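Listed in order, the protein sequences are those of chains A and B.
For the first sequence, our numbering begins at -19 and goes up steadily by one.
For the second sequence, our numbering begins at 620 and goes up steadily by one.
Backbone N, C-alpha and C define an ideal beta-carbon position, used for all residues, glycine too.
These figures come from a predicted structure and were not determined experimentally.
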Amino acid sequence: MSDRSTTTVAAGTAEHVPLIEMRNIRVAFGGIHAVNDVTVDLNAGEVVGLVGGNGAGKSTLMHTLSGAHPADSGEMRLNGVPISIHNPRHARAHGIEVIYQKLALADNIDAAGNVFLGRELRSRTGSLDDSAMAAATQHLMKRLNPRFKNLKTPVKSLSGGQRQSVAIARAVHFQAKILIMDEPTAALGPAETAQVRDLILQLKSEGIGIFLISHDIHDVFDLSDRITVMLQGKLVATVNKNDVTKDEVLAMIIMGKLPDEVSSEDLAELHG
Amino acid sequence: MSEAGTVDAGTGPLLSPELQPSRTWRSTIESTELDTRLLGMVVSLAAIWLAFHIMSGGDFLTARNLWNLSVQSTSIAIMATGMVLIIVSRNIDLSVGSLLGFLGYAMAMAQTKWIPDTLGLGLDKPYTWMLALLFGIALGAAIGALQGFIIAYGGVPAFIVTLGGFLVWRGLIFRLGEKGVTLAPLDERFQLLGGGADGSLGELRSWLLAILGCIGVVLSIYFARRRRQRYELAPRPMAVDVSLGIIGCFVILGAVGWIANSYVSPITGDPTGVAYPVMILIAVTMVMTYVAKRRRFGRYVYAFGGNPEAAELGGINTRRTITLTFVLMGVLCAISGAIQTARLNAAVTGLGVQNELDVIAAAVIGGTSFSGGIGTIQGAVLGAIIMQSLRSGMVLLRIDSPSQDIVVGVVLVTAVAIDSALRLGRRKGVFVALVAGLIVSGVIIQTGRA
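1) Assess, as a yes-or-no matter, whether the region 753 to 767 of chain B is touched by the region 715 to 729 of chain B under the definition of 3 or more beta carbon pairs within less than 8 Å.
2) Which chain A residues are close to E851 of chain B, counting only those with a beta carbon under 8 Å from its beta carbon?
3) Just to confirm, are D196 of chain A and T165 of chain A a CB contact at a threshold of 8 Å?
4) Between A771 of chain B and chain A, is any beta-carbon pair separated by less than 8 Å?
5) Threshold first: 3 residues or longer. Then list the beta strand (DSSP E) segments lying entirely within the region 143 to 206 of chain A, N to C.
6) Hey, is V1054 of chain B's beta-carbon within less than 8 Å of any beta-carbon in chain A?
7) For F191 of chain A versus L30 of chain A, is the C-beta distance shorter than 8 Å?
8) Below 8 Å on the Cβ atoms is my contact criterion, and I expect R983 of chain B with L1031 of chain B to pass it. Report the Cβ-Cβ distance as a whole number of Å.
9) Is I984 of chain B helix, strand or coil when you go by DSSP?
10) With DSSP as the reference, label V1062 of chain B as helix, strand or coil.
11) Between Y895 of chain B and A1040 of chain B, what straight-line distance do the alpha-carbon atoms span, to the nearest angstrom?
12) Taking just the CA atoms, how far does V836 of chain B sit from G864 of chain B?
13) Taking the alpha carbon of E24 of chain A as the point to measure from, which residue in A:G187, A:R206, A:H251 has its own alpha carbon closest?
14) Any Cβ of chain A within less than 8 Å of the Cβ of I993 of chain B?
15) Just mark P640 of chain B as buried or exposed, buried being the case when its beta carbon has 16 or more other beta carbons within 10 Å.
16) At a Cβ threshold of 8 Å, is L634 of chain B touching chain A?
17) Establish whether the CB of N88 of chain A and some CB of chain B are separated by less than 8 Å.
18) Tell me which residues of the region 96 to 111 of chain A have at least one Cβ-Cβ distance to chain B shorter than 8 Å, keeping chain order.
19) What's the C-alpha gap between R683 of chain B and I878 of chain B?
20) Any idea if D90 of chain A is buried or exposed, counting beta-carbon neighbours within 10 angstroms, 16 or more meaning buried?
21) Rounding to the nearest angstrom, what Cα-Cα distance links G917 of chain B and G924 of chain B in this structure?
22) Report yes or no: is there a C-beta of chain B within less than 8 Å of the C-beta of G255 of chain A?
23) Among all the DSSP beta bridges, which residues are the ones paired with S53 of chain A?
24) Judging by CA-CA distance, which residue of A:H49, A:A71, A:H66 is the nearest neighbour of I0 of chain A?
25) Quick one: what's got a C-beta closer than 7 Å to A116 of chain A's C-beta in the same chain, skipping five residues either side?
26) Give me, in chain order, the residues of the same chain whose beta-carbon lies closer than 6 Å to that of L900 of chain B; leave out the 5 immediate sequence neighbours on both sides.
27) Considering only residues of the same chain and omitting the five flanking positions on each side of I1063 of chain B, which have a CB-CB separation below 6 Å?
28) Measure the C-alpha to C-alpha separation of G37 of chain A and A981 of chain B and round it to an integer number of angstroms.
29) Taking only three categories from DSSP, how would you classify D17 of chain A?
30) Would you kindly check if the distance between the Cβ of T944 of chain B and the Cβ of I769 of chain B is under 8 Å?
31) Look at the Cβ atom of M210 of chain A, then the Cβ atom of V18 of chain A, and state whether they are nearer than 8 Å.
32) Which residues mark the beginning and the end of the alpha helix (DSSP H) in which A217 of chain A is found?
33) I'd like to know whether the C-beta of P68 of chain A is nearer than 8 Å to at least one C-beta of chain B.
34) Mapping the DSSP letters down to three states, classify D90 of chain A as helix, strand or coil.
35) Would A156 of chain A pass as an interface residue toward chain B - the criterion being a Cβ-Cβ separation below 8 Å?
36) I'd like the span of the alpha helix (DSSP H) that includes I706 of chain B, first residue to last.
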């Protein structure tokens, strides 16, 4: 057995207040506990990778934070202050933005319309200020994706990476403090994936806290500071990336066993 | 990042000039930022007009026929502008014909009975018509709100709710009056809404309206240009803006000079000018276009149609948005109901029968897609004019009414087939649909001549 401390790592010291804390979150669908008493936290300028198999409850947990599906019970604290989130508008008001797996773009509307969807800029008469929104989007894209040119075409006709830029631009424009990225690279080719990775690191360096949901263990290892593993709705553990190997994380994902509980037989089984 | 070739083909005008492809036919059209589908419809309408003109031996493109066509199109066109928003947001309204009948009858009851009895304002008193119209609009909004509420908040499919409405509102007409007796005559001023003998602007005021319209066209182009410059977005090429302005003014002046003011009223012997219901249609089209394109509500309708989940996650109050589309539809039914009853100078129980189908067909011929998120107000108005052109052209050719229905049905399916083929990029499909539609309707028209 190793002597490494591989039990749950809390963020920082006792006095340290995380950017967001989610404590004892529960969500049940009928009789099934999709999220069962899970506690996680996230610091500013940190990436926490959220991993687990299908149905582990990663997305459902994040839905409670984004307001897409409120928690049945549990507590959330933003900078130590309790908050309640019942719908997406609440989450946005707290600076929580989401980039969904399916990107949640209205395909028939152009990039600017999507960036500002639900928070349109309006002129004094209350009309949509399309020129202002287009200009702001053009400005954002210069920073996020300089090759992005199709501001006036419906996003339907854009490539996966461009659509991703639109979704990210939305979060960036509204100065997200907390960003939830649900499988951000699932639909992308290698070049576009690399670009999204760069972007994640850039956002992180700007002090944004990021929850990164991913199936791809390599992505998670490359980008995360800490890794939270879930299995069947429960928290297995949160570990510092530098304290664990990919195999150990795999064992946690598949068997729910902490690194010091894993036997050599288990490892053999993992590698089948 | 933009490896996909399809994306680069659609370069917008925001590109800096040196990146723009060489000026081809296609890029010239794109630089106008006009809806290409809309242009296609204008071309189809011109073709239909020309075909009927030739087949009827020169009777179609006359001031008289086109003036009548403009008035006859108004009722369906006004409702079609509302139907667009409903279909764009993935719903349907089957109740509009019955609702129009009910509201028309209610407005007739209001001016002949309720207002005189309660307020002591008799028929032909100055404000009676206005009170009756406002009453109808308020009632239409309330009924629309009820139907919309049941759909959006109650979760009952729009098809079911409005199918119920289709039966309920038609049935209620008989409960309003004395077992559905025809109400006539109506208020003198109210009748003007139908564009009867006096219900037009006259020559001078029509010209003034046309000049006002031209000023509006020029100003809107100018302001759009300035808005873009303020945000340092590349403006449309000057030549394009100038030609659009010239074309716009030409169409407005031509419609007034060659149609409205060239039609001499058989009753007064003077040029009639633009009919009031046509003015109402123009106003409704402008307001609805503004609502659809420049208001948040319109943006939400399209966003919901494109991706309901994205709209919801974007924090949009989708239920309220859906309810409001039906409120608008109710208001538009009231306006169309007023025009139809005023035109008849009577309220009858059968008013608006089958109008729901014409309205849906107009919206669909005008490019509104049942898969949601796609459709324009101007398209729907054009769709209504295309439908009315077919009907009135076939009347000129003395084609019996059942054959007219067949042709409209064929055109409806053909239009949608061409539209889907275009969307999927299947050129052969476009060709096949066009040829098949033309042959079938041609045969029906040829064999249906009485």
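Answer, in terms of the structure:
1) Yes, the region 715 to 729 of chain B is in contact with the region 753 to 767 of chain B.
2) Your numbering for residue 851 of chain B matches position 232 in the second sequence. The contact set of E851 of chain B on chain A, defined by CB atoms closer than 8 Å, consists of A115 in chain order.
3) What you label residue 196 of chain A is simply residue 216 of the first sequence in a count that begins at 1. What you label residue 165 of chain A is simply residue 185 of the first sequence in a count that begins at 1. Yes, the pair counts as a contact, with Cβ atoms nearer than the cut-off.
4) If you number the second sequence from 1, residue 771 of chain B lands on position 152. False, the Cβ-Cβ gap to chain A never drops below 8 Å.
5) Along the length of the region 143 to 206 of chain A, whole beta strand (DSSP E) runs at least 3 residues long occupy 158 to 162, 189 to 193, reported in chain order.
6) Mapped onto the second sequence, residue 1054 of chain B falls at position 435. Taking Cβ atoms only, chain A never reaches closer than 8 Å to V1054 of chain B, which makes this a no.
7) The residue given as residue 191 of chain A occupies position 211 in the first sequence. The residue given as residue 30 of chain A occupies position 50 in the first sequence. Cβ distance < 8 Å, so F191 of chain A and L30 of chain A count as in contact.
8) Taking the second sequence and counting its residues from 1, one reaches residue 983 of chain B at position 364. Taking the second sequence and counting its residues from 1, one reaches residue 1031 of chain B at position 412. According to the sequence shown, residue 983 of chain B is Val rather than Arg. The C-beta distance from V983 of chain B to L1031 of chain B rounds to 7 Å, short enough to meet the 8 Å contact threshold.
9) Within the second sequence, numbered from 1, the residue matching residue 984 of chain B stands at position 365. Assigned with DSSP and collapsed to three states, I984 of chain B falls in helix.
10) On the second sequence, residue 1062 of chain B is found 443 positions in, with the first residue counted as 1. Reduced to three states, the DSSP call for V1062 of chain B is helix.
11) Working through the second sequence from its first residue, we reach residue 895 of chain B at position 276. Working through the second sequence from its first residue, we reach residue 1040 of chain B at position 421. Taking the straight line joining both Cα atoms gives about 39 Å.
12) Along the second sequence, one-based indexing puts residue 864 of chain B at 245. Along the second sequence, one-based indexing puts residue 836 of chain B at 217. The C-alpha of V836 of chain B is placed about 6 Å away from the C-alpha of G864 of chain B.
13) Residue mapping note: residue 24 of chain A aligns to position 44 of the first sequence, counting from 1. Looking at the sequence provided, one finds Ala at residue 24 of chain A rather than Glu. Ranked by how close their Cα comes to the Cα of A24 of chain A, the residues A:G187, A:R206, A:H251 have A:G187 in first place.
14) Numbered from 1 along the second sequence, position 374 holds the residue referred to as residue 993 of chain B. Taking a beta-carbon distance threshold of 8 Å, I993 of chain B counts as an interface residue toward chain A.
15) Against the second sequence, residue 640 of chain B aligns to sequence position 21. Note on P640 of chain B: pLDDT 45, under 50, position unreliable in the model; the coordinate value appears next. Here P640 of chain B is exposed. Its C-beta has fewer than 16 other C-beta atoms within 10 Å.
16) By one-based count along the second sequence, residue 634 of chain B stands at place 15. Confidence in L634 of chain B is poor, its pLDDT being 40 and thus under 50, which makes the residue's placement unreliable; the coordinate value appears in the next sentence. L634 of chain B has a beta carbon lying within less than 8 Å of a beta carbon in chain A.
17) Position 108 of the first sequence, counted from the first residue, corresponds to residue 88 of chain A. Taking Cβ atoms only, chain B reaches closer than 8 Å to N88 of chain A, which makes this a yes.
18) Correct list: L97, G98, R99, E100, R102, G106, S107, L108, D110, S111.
19) Locating residue 683 of chain B in the second sequence gives position 64, counting from the first residue. Locating residue 878 of chain B in the second sequence gives position 259, counting from the first residue. About 7 Å.
20) Within the first sequence, the letter at position 110 stands for residue 90 of chain A. Only buried fits D90 of chain A, as 16 or more other CB atoms lie within 10 angstroms of its CB.
21) Here residue 917 of chain B corresponds to residue number 298 of the second sequence, with the count starting at 1. Here residue 924 of chain B corresponds to residue number 305 of the second sequence, with the count starting at 1. The alpha-carbon atoms of G917 of chain B and G924 of chain B are separated by roughly 11 Å.
22) Any question about residue 255 of chain A goes unanswered here, given that chain A covers just -19 to 252.
23) Position 73 of the first sequence, counted from the first residue, corresponds to residue 53 of chain A. DSSP lists A:R6 as the beta-bridge partner residues of S53 of chain A.
24) Here residue 0 of chain A is taken as the residue at index 20 of the first sequence, counted from 1. It is A:A71 whose Cα lies nearest to the Cα of I0 of chain A.
25) Translated into positions along the first sequence, residue 116 of chain A becomes position 136. Result list for A116 of chain A: H153, in chain order.
26) Mapped onto the second sequence, residue 900 of chain B falls at position 281. Hits under 6 Å: T693, A696, I697.
27) Here residue 1063 of chain B refers to the residue found at position 444 when the second sequence is read from its first residue. Cβ neighbours of I1063 of chain B beyond the five flanking positions: S1022, I1025, V1026.
28) For this step, residue 37 of chain A is matched to residue 57 along the first sequence. For this step, residue 981 of chain B is matched to residue 362 along the second sequence. For G37 of chain A and A981 of chain B, the gap between their C-alpha atoms comes out near 48 Å.
29) Against the first sequence, residue 17 of chain A aligns to sequence position 37. D17 of chain A falls in the strand class under three-state DSSP.
30) Along the second sequence, read from residue 1 onward, the residue named residue 769 of chain B stands at position 150. Along the second sequence, read from residue 1 onward, the residue named residue 944 of chain B stands at position 325. No, Cβ-Cβ distance for I769 of chain B and T944 of chain B is not below 8 Å.
31) If you number the first sequence from 1, residue 210 of chain A lands on position 230. If you number the first sequence from 1, residue 18 of chain A lands on position 38. With respect to the 8 Å criterion, M210 of chain A and V18 of chain A are classified as neighbours on the basis of their beta carbons.
32) By one-based count along the first sequence, residue 217 of chain A stands at place 237. Secondary structure note for A217 of chain A: it is in no alpha helix (DSSP H), and the uninterrupted beta strand (DSSP E) holding it is 214 to 220.
33) On the first sequence, position 88 is the one that residue 68 of chain A refers to. At a cut-off of 8 Å between beta-carbon atoms, P68 of chain A makes contact with chain B.
34) Along the first sequence, one-based indexing puts residue 90 of chain A at 110. Three-state result, D90 of chain A: strand.
35) Counting from 1 along the first sequence, the entry for residue 156 of chain A is found at position 176. No, its Cβ sits nowhere closer than 8 Å to a Cβ of chain B.
36) What you label residue 706 of chain B is simply residue 87 of the second sequence in a count that begins at 1. Per DSSP, I706 of chain B belongs to the alpha helix (DSSP H) from 682 to 707.
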